[in-house]
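Asker:
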Amino acid sequence: MSASPTWTTLEMTGRTAAQKQGLLSHLVVPRPIAMITTVGADGQLNVAPYSYYMPVCGEPPTIALTIGGLREATDAPKDTWTNIERTGELVINVTGAALGPYIETVAREYPTDVSEADVVGWETVPSRMVSPPSLAQSPAHLECRVREVIDRGDMGARFSGFHLVLVEVLCITVDEAILAGPGRIDPERVTPIGRMGFPYFVAAAGEALFQQERIAYADLPDTADLPDTADLPTTADLPA
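Okay, so the sequence shown: first residue is 285 according to this note's numbering, each after it adds one.
#1: What separation, rounded to the nearest whole angstrom, lies between the Cα atoms of I499 and R468?
#2: How do the stretch 473-493 and the stretch 369-389 stand: do at least 3 beta-carbon pairs fall below 8 angstroms, yes or no?
#3: Evaluate contact between the stretch 402-409 and the stretch 419-426, counting only Cβ atoms and requiring at least three cross-stretch pairs below 8 angstroms.
#4: Nearest-angstrom Cα distance between S415 and A464?
#5: Tell me which same chain residues have a C-beta within less than 8 angstroms of the C-beta of D363, skipping the five on either side of it?
#6: Rounded to whole angstroms, what is the Cα-Cα separation between L308 and D506?
#7: Taking only three categories from DSSP, how would you classify V390?
#8: For C428, is the classification buried or exposed, using 16 other Cβ atoms within 10 angstroms of its Cβ as the cut-off for buried?
#9: Does V340 pass the burial test, meaning 16 or more other C-beta atoms within 10 Å, or should it be called exposed?
#10: Output needed for T300: all residues of its chain with C-beta closer than 8 angstroms, excluding positions within five of it in sequence on either side, in chain order.
#11: Considering only the beta carbon of each residue, do G481 and V313 sit closer than 8 angstroms?
#12: Whole angstroms is fine: what's the gap from V433's alpha carbon to S335's?
#13: Rounded to the nearest angstrom, what separates A360 and T290 at their Cα positions?
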């Protein structure tokens, strides 16, 4: 039996907004990465990775994502937000293994007239229902339209003010190579990259994946038939 952990409390009081967010970013992990494509007023393509996002519900098919109120280097708004606010359209490109090596490269705050896709040599394909194109190197594209924006925090302060953007998924286009059958995604073929605490990432593929059977409560066996807790897997049994 492993030794009992020694617990300590990390108080939120007395910490800066950046320090608090750093703790969240290291513990709310792994986070999938939305590689978002938008288009500027001059037609310039913008690409940016966002890991503070999540699915919300199936009807309407909704995704929530957060976008900080300011750039890190200047007091200007982020290009992704400027473009979304103007057009209400975006594409969430799934960040798979092919995009993984360039996440931090496209995350840089380039001048507005620079296309991150050009910097790293990514190709685009036309989207079906929105103006921003999709990334050819991504295994799946979720074409979205903004339905609601909720602003929270101090919009003039970094690591505080943010836009919580609720978007509806209008169309999904996938590489047929990740399908397990008609309309079914094979989890072993997506190979998504997840964000850990900076500067680490994780690839959800190969031995990193494991399965568990899901049994409804009504279908549980009698207590006498349940395995002894000593036989249950522990964290030591999980893939390294």
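C-beta atoms are modelled at their ideal positions from N, C-alpha and C, and glycine is treated no differently.
Answerer: Taking the structure as given:
#1: In the sequence shown, the residue the question calls residue 499 occupies position 215. In the sequence shown, the residue the question calls residue 468 occupies position 184. I499 and R468: Cα-Cα distance of roughly 21 angstroms.
#2: Contact between the stretch 473-493 and the stretch 369-389 is present, because at least three Cβ pairs lie under 8 angstroms.
#3: yes
#4: Here residue 415 refers to the residue found at position 131 when the sequence shown is read from its first residue. Here residue 464 refers to the residue found at position 180 when the sequence shown is read from its first residue. In a straight line, the C-alpha of S415 is about 29 angstroms away from that of A464.
#5: As a working mapping, residue 363 is identified with position 79 in the sequence shown. Correct list, in chain order: T322, G324, N330, A332, T396.
#6: Mapped onto the sequence shown, residue 308 falls at position 24. Mapped onto the sequence shown, residue 506 falls at position 222. Answer to the nearest angstrom: the Cα atoms are 40 angstroms apart.
#7: For this step, residue 390 is matched to residue 106 along the sequence shown. If DSSP states are grouped into helix, strand and coil, V390 belongs with the helices.
#8: For the purposes of this step, residue 428 is taken as the residue at position 144 of the sequence shown. Looking at its Cβ environment, which holds 16 or more other Cβ atoms inside 10 Å, C428 is buried.
#9: As a working mapping, residue 340 is identified with position 56 in the sequence shown. It counts as exposed.
#10: Residue numbering aside, residue 300 sits at position 16 when the sequence shown is read from its first letter. Within the same chain, T300 has close Cβ partners F443.
#11: To locate residue 481, count along the sequence shown from 1; it is residue 197. To locate residue 313, count along the sequence shown from 1; it is residue 29. Yes; because the gap between Cβ atoms is below 8 angstroms, this pair is in contact.
#12: Sequence index remark: in the sequence shown, residue 433 carries index 149 (1-based). Sequence index remark: in the sequence shown, residue 335 carries index 51 (1-based). C-alpha separation (whole angstroms): 18 angstroms.
#13: The sequence position of residue 360 within the sequence shown is 76, counting from 1. The sequence position of residue 290 within the sequence shown is 6, counting from 1. Cα to Cα, the separation comes out at about 44 angstroms.
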